[in-house]
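Student:
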Ligand code: SF4
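Numbering (the UniProt record's numbering), first residue to last: 1 to 246.
1) Leaving out five residues before and five after residue 135 in sequence, what residues of the same chain have Cβ atoms less than 6 Å from its Cβ?
2) Should the segment 62 to 69 be regarded as contacting the segment 83 to 101, the criterion being three or more beta carbon pairs within less than 8 Å?
3) Which of the three DSSP states, helix, strand or coil, is assigned to residue 214?
4) Go ahead and pull the three-state DSSP assignment for residue 151.
5) Tell me which residues share the same chain as residue 163 and place their Cβ nearer than 8 Å to its Cβ, disregarding the 5 neighbours each side in the sequence.
6) Taking residue 183 as part of the beta strand (DSSP E), name the residues at either end of that continuous run.
7) What is the DSSP secondary structure of residue 127, reduced to helix, strand or coil?
8) Within 10 angstroms of its Cβ, does residue 156 collect 16 or more other Cβ (buried), or is it exposed?
9) Excluding sequence positions up to five away, which residues of its chain have a Cβ less than 8 Å from the Cβ of residue 199?
10) Below 8 Å between beta carbons: does that hold for residue 192 and residue 222?
11) Just curious, the beta strand (DSSP E) that residue 156 is in, first and last residue?
12) Rounded to whole angstroms, what is the Cα-Cα separation between residue 197 and residue 189?
13) Which whole runs of the beta strand (DSSP E) in the segment 35 to 116 are 3 residues long or more, in chain order?
14) What separation, rounded to the nearest whole angstrom, lies between the Cα atoms of residue 76 and residue 94?
15) Whole-angstrom Cβ separation of residue 80 and residue 63, contact assumed at under 8 Å?
16) By a C-beta neighbour count over all protein chains shown, 10 Å radius and 16 as the cutoff for buried, is residue 158 buried or exposed?
17) In angstroms with no decimal places, state the Cα-to-Cα distance between residue 234 and residue 131.
18) On the DSSP letters alone, give me the boundaries of the alpha helix (DSSP H) that residue 169 sits inside.
And the structure:
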């Protein structure tokens with residue numbers, strides 16, 4: 001899988017963009033520091049189930065059933081017992097969006113599409129909270145609790161379901177935000193904005209300088225990020241184009 005660093009951007013320095021071979025679909029992955037391990041690497045839940053990190057819920061369910069059949073203690077004997085416990089845990093985490101997001105984050109993976117969901121059909125405009133500016137007053141959640149939620153860990157609001165409430169309630173929420181940090185954005189911009197606004201680990205030296213960071217201006221960062229993706233896709237297409245000699 002090809003990857004390139006976006007370290008020159010104002011977006012988080014610890015991220016990389018990957019393109020699946022034969023696909024223009026980008027996956028963002030956080031760059032992780034190198035660690036020396038004394039033991040064999042533990043398989044991720046994705047590896048346990050034999051699915052890719054961008055698999056849909058249905059693909060995960062199918063893979064889980066297949067693996068369960070293969071390792072069921074009635075078939076695989078005693079050694080299958082431990083594996084089925086691990087498979088159950090992997091299934092439980094990867095089929096619940098909030099648990100999957102948390103898990104992805106813990107292994108340094110960020111999936112596009114792992115953020116807000118939609119109630120009803122896609123619309124041209126989506127709702128986005130600039131969490132850099134949010135002061136955590138909860139007004140939006142109070143007026144439209146099916147659309148907005150508080151991230152209690154960081155004390156800011158974000159959108160959990162696009163248009164989870166009726167339009168009037170959403171408009172009241174937007175209007176009641178005291179710092180005007182709820183934006184209407186083009187739907188196609190949403191995934192990158194939601195990806196970039198999530199705090200990402202920053203590089204440091206030993207215990208110094210480590211922590212979490214977000215781009216100071218998420219809209220500017222998203223523009224640069226989109227340009228990088230476009231360039232990456234064009235390069236990939238160029239590389240895949242057959243030459244006359246072939
Ligand atoms: S109303 Fe605005 S400032 Fe208050 S929690 Fe919601 S997004 Fe944040």
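Backbone N, C-alpha and C fix where the C-beta goes; we use that ideal spot for every residue, glycine too.
Tutor: In short:
1) 179
2) yes
3) coil
4) If DSSP states are grouped into helix, strand and coil, residue 151 belongs with the strands.
5) 118, 119, 120, 123, 127, 147 and 170
6) In this chain, the beta strand (DSSP E) harbouring residue 183 covers 182 to 186.
7) strand
8) Label assigned to residue 156: buried.
9) 154, 212, 213 and 214
10) Cβ distance < 8 Å, so residue 192 and residue 222 count as in contact.
11) Secondary structure note for residue 156: its beta strand (DSSP E) is the uninterrupted segment 156 to 159.
12) 12 Å
13) none
14) As the crow flies, the alpha-carbon of residue 76 is around 24 Å from that of residue 94.
15) Contact doesn't hold; Cβ gap of about 16 Å is too wide.
16) buried
17) 32 Å
18) 167 to 176
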